[in-house]
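Worksheet for the structure shown next.
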Amino acid sequence: MAIARKRSKWRVWRDVIYSLIVREVKTGFGDKLGLSWAVINPIAFIFVLSFVRGRLDGGETYSMPTFVFMAYGLLIFQLFLQTFNACTSSIKRSKPLFAFRQVQPISPVIASGIFEGIVKVVVMAGIALVMYFLTMEIRIDNPLGVIASFINVWLIGIFMGLTFGIAQLYIPELNKFRNMMTRPLFFISGIFFSLRDIPQEYWWLLDWNPLLHATELSRFYSYSSYGKVGVSQIFVFELLLVLVAFSLLFYRATWKGAISR
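Using the numbering used here, read the sequence shown as starting at 88 and increasing by one per residue.
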(Lines of atoms letter the chains of each structure in order from A and count residues from 1; the text may use other names and numbers.)
(Lines give C-alpha, C1' and ligand atoms only; values in the text may rest on other atoms or scores of the structure.)
Protein backbone atom coordinates (compact mmCIF):
# COMPACT_ATOMS: atom_id res chain seq x y z
CA MET A 1 0.00 0.00 0.00
CA ALA A 2 1.35 3.43 -0.97
CA ILE A 3 2.22 5.73 1.91
CA ALA A 4 1.08 9.35 1.60
CA ARG A 5 3.80 11.72 2.73
CA LYS A 6 2.86 15.12 4.02
CA ARG A 7 4.93 17.89 2.48
CA SER A 8 6.08 20.87 4.52
CA LYS A 9 4.68 24.32 3.75
CA TRP A 10 8.04 25.44 2.37
CA ARG A 11 8.18 22.48 -0.01
CA VAL A 12 4.63 23.13 -1.19
CA TRP A 13 5.50 26.79 -1.77
CA ARG A 14 8.65 25.82 -3.66
CA ASP A 15 6.71 23.44 -5.91
CA VAL A 16 4.08 26.11 -6.58
CA ILE A 17 6.72 28.66 -7.60
CA TYR A 18 8.48 26.11 -9.80
CA SER A 19 5.21 25.33 -11.59
CA LEU A 20 4.53 29.03 -12.08
CA ILE A 21 8.03 29.55 -13.52
CA VAL A 22 7.40 26.72 -16.00
CA ARG A 23 4.15 28.45 -16.97
CA GLU A 24 6.04 31.74 -17.47
CA VAL A 25 8.59 30.00 -19.71
CA LYS A 26 5.88 28.42 -21.87
CA THR A 27 4.00 31.73 -22.10
CA GLY A 28 7.04 33.92 -22.72
CA PHE A 29 8.69 31.70 -25.33
CA GLY A 30 5.67 30.21 -26.99
CA ASP A 31 6.25 32.00 -30.31
CA LYS A 32 8.72 31.03 -33.03
CA LEU A 33 11.36 33.62 -32.16
CA GLY A 34 11.22 32.84 -28.45
CA LEU A 35 14.36 33.58 -26.46
CA SER A 36 16.33 34.65 -29.54
CA TRP A 37 14.21 37.81 -29.87
CA ALA A 38 14.80 38.66 -26.20
CA VAL A 39 18.54 38.70 -27.02
CA ILE A 40 18.46 40.24 -30.52
CA ASN A 41 16.18 43.16 -29.60
CA PRO A 42 18.37 44.78 -26.88
CA ILE A 43 21.59 44.11 -28.81
CA ALA A 44 20.22 45.87 -31.89
CA PHE A 45 18.99 48.78 -29.76
CA ILE A 46 22.38 49.09 -28.05
CA PHE A 47 24.13 49.23 -31.43
CA VAL A 48 21.80 52.03 -32.58
CA LEU A 49 22.31 54.03 -29.37
CA SER A 50 26.08 53.43 -29.50
CA PHE A 51 26.24 54.70 -33.07
CA VAL A 52 24.39 57.91 -32.15
CA ARG A 53 26.47 58.59 -29.04
CA GLY A 54 29.66 57.44 -30.74
CA ARG A 55 29.24 60.17 -33.37
CA LEU A 56 29.46 62.68 -30.52
CA ASP A 57 32.32 61.30 -28.43
CA GLY A 58 34.36 59.29 -30.93
CA GLY A 59 33.43 55.81 -29.70
CA GLU A 60 34.73 56.23 -26.15
CA THR A 61 32.72 57.69 -23.26
CA TYR A 62 34.68 58.69 -20.15
CA SER A 63 37.38 56.03 -20.73
CA MET A 64 34.98 53.15 -21.57
CA PRO A 65 33.74 51.99 -25.00
CA THR A 66 30.47 53.65 -25.94
CA PHE A 67 28.91 50.24 -26.69
CA VAL A 68 29.61 49.10 -23.11
CA PHE A 69 28.43 52.46 -21.74
CA MET A 70 25.08 52.09 -23.52
CA ALA A 71 24.81 48.37 -22.73
CA TYR A 72 24.89 48.94 -18.97
CA GLY A 73 22.35 51.75 -19.19
CA LEU A 74 19.88 49.79 -21.30
CA LEU A 75 20.27 46.50 -19.42
CA ILE A 76 19.75 48.10 -16.01
CA PHE A 77 16.65 49.92 -17.22
CA GLN A 78 15.17 46.92 -19.02
CA LEU A 79 15.82 44.68 -16.02
CA PHE A 80 13.86 47.03 -13.79
CA LEU A 81 11.06 47.83 -16.23
CA GLN A 82 10.37 44.30 -17.43
CA THR A 83 10.59 42.85 -13.92
CA PHE A 84 8.33 45.57 -12.53
CA ASN A 85 5.72 45.18 -15.28
CA ALA A 86 5.78 41.38 -15.19
CA CYS A 87 5.46 41.20 -11.41
CA THR A 88 2.68 43.80 -11.37
CA SER A 89 0.56 42.00 -13.98
CA SER A 90 1.30 38.51 -12.63
CA ILE A 91 -1.13 38.85 -9.71
CA LYS A 92 -4.11 39.73 -11.89
CA ARG A 93 -3.19 37.10 -14.49
CA SER A 94 -2.97 34.42 -11.81
CA LYS A 95 -6.15 35.34 -9.98
CA PRO A 96 -8.04 32.15 -10.98
CA LEU A 97 -5.25 30.12 -9.35
CA PHE A 98 -5.94 31.70 -5.96
CA ALA A 99 -8.89 29.32 -5.63
CA PHE A 100 -6.24 26.78 -4.62
CA ARG A 101 -5.13 27.52 -1.09
CA GLN A 102 -1.52 26.57 -1.92
CA VAL A 103 -1.24 29.54 -4.32
CA GLN A 104 -0.89 32.96 -2.71
CA PRO A 105 -0.49 36.28 -4.57
CA ILE A 106 3.20 36.56 -3.73
CA SER A 107 3.97 33.27 -5.51
CA PRO A 108 3.37 34.47 -9.12
CA VAL A 109 5.27 37.66 -8.31
CA ILE A 110 8.33 35.68 -7.25
CA ALA A 111 7.99 33.34 -10.24
CA SER A 112 7.75 36.26 -12.69
CA GLY A 113 10.72 37.98 -11.05
CA ILE A 114 12.88 34.84 -11.28
CA PHE A 115 11.89 34.32 -14.91
CA GLU A 116 12.76 37.89 -15.88
CA GLY A 117 16.07 37.60 -14.03
CA ILE A 118 16.96 34.42 -15.95
CA VAL A 119 16.07 36.07 -19.26
CA LYS A 120 18.34 39.03 -18.51
CA VAL A 121 21.24 36.73 -17.60
CA VAL A 122 20.84 35.05 -21.00
CA VAL A 123 20.71 38.47 -22.69
CA MET A 124 23.92 39.54 -20.93
CA ALA A 125 25.61 36.32 -22.02
CA GLY A 126 24.46 37.02 -25.59
CA ILE A 127 25.89 40.54 -25.47
CA ALA A 128 29.20 39.21 -24.11
CA LEU A 129 29.30 36.67 -26.95
CA VAL A 130 28.70 39.39 -29.54
CA MET A 131 31.49 41.48 -28.00
CA TYR A 132 33.83 38.49 -28.11
CA PHE A 133 33.20 37.83 -31.80
CA LEU A 134 33.57 41.54 -32.59
CA THR A 135 36.90 41.52 -30.67
CA MET A 136 35.64 44.13 -28.20
CA GLU A 137 37.33 44.30 -24.83
CA ILE A 138 35.34 42.48 -22.12
CA ARG A 139 36.42 44.06 -18.86
CA ILE A 140 34.92 44.01 -15.36
CA ASP A 141 37.20 45.42 -12.66
CA ASN A 142 34.80 44.66 -9.79
CA PRO A 143 32.49 41.73 -10.65
CA LEU A 144 30.80 41.70 -7.22
CA GLY A 145 29.97 45.38 -7.55
CA VAL A 146 28.37 44.86 -10.97
CA ILE A 147 26.37 41.89 -9.69
CA ALA A 148 25.22 43.88 -6.64
CA SER A 149 24.02 46.74 -8.85
CA PHE A 150 21.94 44.42 -11.02
CA ILE A 151 20.54 42.47 -8.06
CA ASN A 152 19.49 45.68 -6.30
CA VAL A 153 17.61 46.88 -9.39
CA TRP A 154 16.05 43.44 -9.88
CA LEU A 155 14.78 43.35 -6.29
CA ILE A 156 13.44 46.90 -6.57
CA GLY A 157 11.45 45.80 -9.62
CA ILE A 158 10.07 42.73 -7.81
CA PHE A 159 8.93 44.52 -4.67
CA MET A 160 7.53 47.51 -6.52
CA GLY A 161 5.65 45.01 -8.69
CA LEU A 162 4.30 43.28 -5.57
CA THR A 163 3.00 46.57 -4.17
CA PHE A 164 1.46 47.81 -7.42
CA GLY A 165 0.03 44.37 -8.25
CA ILE A 166 -1.90 44.22 -4.97
CA ALA A 167 -2.90 47.90 -5.11
CA GLN A 168 -4.26 47.52 -8.66
CA LEU A 169 -6.80 44.99 -7.45
CA TYR A 170 -8.25 47.75 -5.26
CA ILE A 171 -7.70 50.63 -7.69
CA PRO A 172 -7.54 49.45 -11.34
CA GLU A 173 -6.75 53.00 -12.50
CA LEU A 174 -3.27 52.64 -11.00
CA ASN A 175 -2.25 50.87 -14.21
CA LYS A 176 -2.48 54.19 -16.06
CA PHE A 177 -0.38 55.88 -13.38
CA ARG A 178 2.20 53.09 -13.66
CA ASN A 179 2.58 53.73 -17.38
CA MET A 180 2.91 57.49 -16.81
CA MET A 181 5.51 56.89 -14.11
CA THR A 182 7.76 54.52 -16.07
CA ARG A 183 7.89 56.39 -19.39
CA PRO A 184 9.94 59.37 -18.12
CA LEU A 185 12.37 56.96 -16.44
CA PHE A 186 13.69 55.99 -19.87
CA PHE A 187 15.10 59.51 -20.29
CA ILE A 188 16.34 60.18 -16.74
CA SER A 189 17.98 56.88 -15.78
CA GLY A 190 21.35 57.43 -17.42
CA ILE A 191 20.84 55.27 -20.50
CA PHE A 192 22.07 57.96 -22.91
CA PHE A 193 24.13 60.10 -20.57
CA SER A 194 26.46 60.16 -17.61
CA LEU A 195 25.75 62.27 -14.56
CA ARG A 196 28.90 64.20 -15.45
CA ASP A 197 27.20 65.39 -18.65
CA ILE A 198 24.84 67.41 -16.43
CA PRO A 199 25.98 70.58 -14.59
CA GLN A 200 26.41 69.76 -10.90
CA GLU A 201 23.86 72.35 -9.76
CA TYR A 202 21.15 70.30 -11.50
CA TRP A 203 22.11 66.89 -10.07
CA TRP A 204 19.42 67.13 -7.40
CA LEU A 205 16.80 66.84 -10.16
CA LEU A 206 18.14 63.38 -11.08
CA ASP A 207 20.01 61.80 -8.17
CA TRP A 208 16.82 60.71 -6.38
CA ASN A 209 16.51 58.01 -9.06
CA PRO A 210 18.03 54.68 -7.89
CA LEU A 211 18.25 53.46 -11.50
CA LEU A 212 20.64 56.30 -12.30
CA HIS A 213 22.78 55.37 -9.29
CA ALA A 214 22.81 51.69 -10.27
CA THR A 215 23.65 52.46 -13.89
CA GLU A 216 26.55 54.77 -13.05
CA LEU A 217 27.84 52.37 -10.39
CA SER A 218 27.76 49.39 -12.76
CA ARG A 219 29.82 51.39 -15.26
CA PHE A 220 32.30 52.34 -12.54
CA TYR A 221 32.59 48.74 -11.29
CA SER A 222 33.22 47.60 -14.86
CA TYR A 223 35.77 50.32 -15.66
CA SER A 224 37.26 51.82 -12.50
CA SER A 225 38.75 54.59 -14.64
CA TYR A 226 35.18 55.73 -15.37
CA GLY A 227 34.98 57.18 -11.86
CA LYS A 228 32.20 57.32 -9.28
CA VAL A 229 30.72 60.81 -9.14
CA GLY A 230 27.49 61.83 -7.40
CA VAL A 231 26.20 58.26 -6.86
CA SER A 232 26.14 55.87 -3.91
CA GLN A 233 25.58 52.13 -3.49
CA ILE A 234 24.47 52.79 0.10
CA PHE A 235 21.63 55.01 -1.14
CA VAL A 236 20.34 52.26 -3.43
CA PHE A 237 20.62 49.64 -0.69
CA GLU A 238 18.86 51.79 1.91
CA LEU A 239 16.04 52.58 -0.52
CA LEU A 240 15.72 48.85 -1.27
CA LEU A 241 15.44 48.01 2.45
CA VAL A 242 12.68 50.60 2.92
CA LEU A 243 10.86 49.31 -0.16
CA VAL A 244 11.10 45.67 0.97
CA ALA A 245 9.76 46.50 4.44
CA PHE A 246 6.89 48.59 3.08
CA SER A 247 5.97 46.05 0.38
CA LEU A 248 5.85 43.09 2.76
CA LEU A 249 3.85 45.01 5.37
CA PHE A 250 1.41 46.24 2.73
CA TYR A 251 1.09 42.73 1.29
CA ARG A 252 0.47 41.16 4.70
CA ALA A 253 -2.23 43.70 5.51
CA THR A 254 -4.12 43.61 2.20
CA TRP A 255 -3.63 40.37 0.22
CA LYS A 256 -6.65 38.49 1.60
CA GLY A 257 -8.98 41.35 0.79
CA ALA A 258 -7.35 41.90 -2.59
CA ILE A 259 -7.94 38.40 -3.98
CA SER A 260 -11.60 38.50 -2.98
CA ARG A 261 -12.29 41.58 -5.10
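Glycine included, C-beta positions come from ideal geometry on N, C-alpha and C.
Query - Start-end ranges of the alpha helix (DSSP H) lying completely within the stretch 147 to 206, minimum 4 residues - result: 153 to 180
Query raised in the report: Would the beta-carbon of Q165 fall within 9 Å of that of K207?
Result: yes
Query - Spatial neighbours of D228 in its chain, beta-carbon cut-off 7 Å, leaving aside the 5 residues before and after - result: Y308, S309, Y310, S311
Query raised in the report: Can you tell me whether DSSP reads V103 as helix, strand or coil?
Result: helix
Query raised in the report: Shortest alpha-carbon distance to L330 belongs to which of A345, I163, I245?
Result: I245
Query raised in the report: What distance in whole Å lies between the Cβ atoms of L304 and V318, which are believed to be in contact at a cut-off of 8 Å?
Result: 6 Å
Report task. Please confirm whether F237 and L136 have their CB atoms less than 9 Å apart. Result -> no
Query raised in the report: Closest to G277 by CA distance: which of E288, W295, K96 is it?
Result: For the residues E288, W295, K96, the minimum Cα distance to G277 belongs to W295.
Query raised in the report: Taking the alpha-carbon positions, what's the L326 to F134 distance?
Result: Their Cα atoms are separated by approximately 32 Å.
Query - Proximity of L249 and S181 at Cβ, strictly below 9 Å - result: no
Query raised in the report: For Q169, which residues from the same chain have a beta carbon less than 7 Å from its beta carbon, with the 5 sequence-adjacent residues on both sides left out?
Result: Cβ neighbours of Q169 beyond the five flanking positions: E203.
Report task. Using alpha carbons as the reference points, say which of P230, P152, R140 lies closest to T222. Result -> P152
Query raised in the report: So what's G232 in DSSP terms, helix, strand or just coil?
Result: helix
Query raised in the report: For the putative contact between I258 and S194, defined by C-beta atoms under 8 Å, what is the C-beta separation to the nearest angstrom?
Result: Their Cβ separation, rounded to whole angstroms, is 22 Å, which puts I258 and S194 out of contact at 8 Å.
Query raised in the report: Smallest Cα separation from R265: which of L184, F251, F274, Y289?
Result: It is F251 whose Cα lies nearest to the Cα of R265.
**Report entry** Beta-carbon proximity list for F324, same chain, < 7 Å, skipping 5 on both sides
**Finding:** Excluding residues within five positions, the ones whose Cβ falls inside 7 Å are N239.
Requested in this report: Pick helix, strand or coil for L408, following the three-state DSSP scheme.
Outcome: In the structure as shown, the chain starts at 88 and stops at 348, and residue 408 therefore has no counterpart that could be examined.
Query raised in the report: Going by alpha carbons, who is nearest to T269 out of T148, W97, V112, F167?
Result: F167
Requested in this report: Look at F253 and A345 and say whether their C-beta atoms are less than 9 Å apart.
Outcome: Here residue 253 is Ile; the residue named in the question, Phe, does not match the sequence. Yes.
Query raised in the report: Between which two residues does the alpha helix (DSSP H) harbouring Q287 extend?
Result: It is not in any alpha helix (DSSP H) - Q287 carries neither H nor E in the DSSP assignment.
Requested in this report: Using beta-carbon positions only, say whether Y149 and R283 come within less than 9 Å of one another.
Outcome: With respect to R283, Y149 sits close: the two C-beta atoms are nearer than 9 Å.
Query raised in the report: When you compare each of V190, L293, Q287 to F274 by their alpha carbons, which one comes out closest?
Result: L293
Query raised in the report: Does DSSP put L327 in a helix, a strand or coil?
Result: Under the three-state reduction of DSSP, L327 is assigned to helix.
**Report entry** Endpoints, alpha helix (DSSP H) assigned at I275
**Finding:** Per DSSP, the continuous alpha helix (DSSP H) segment holding I275 begins and ends at 261 to 275.
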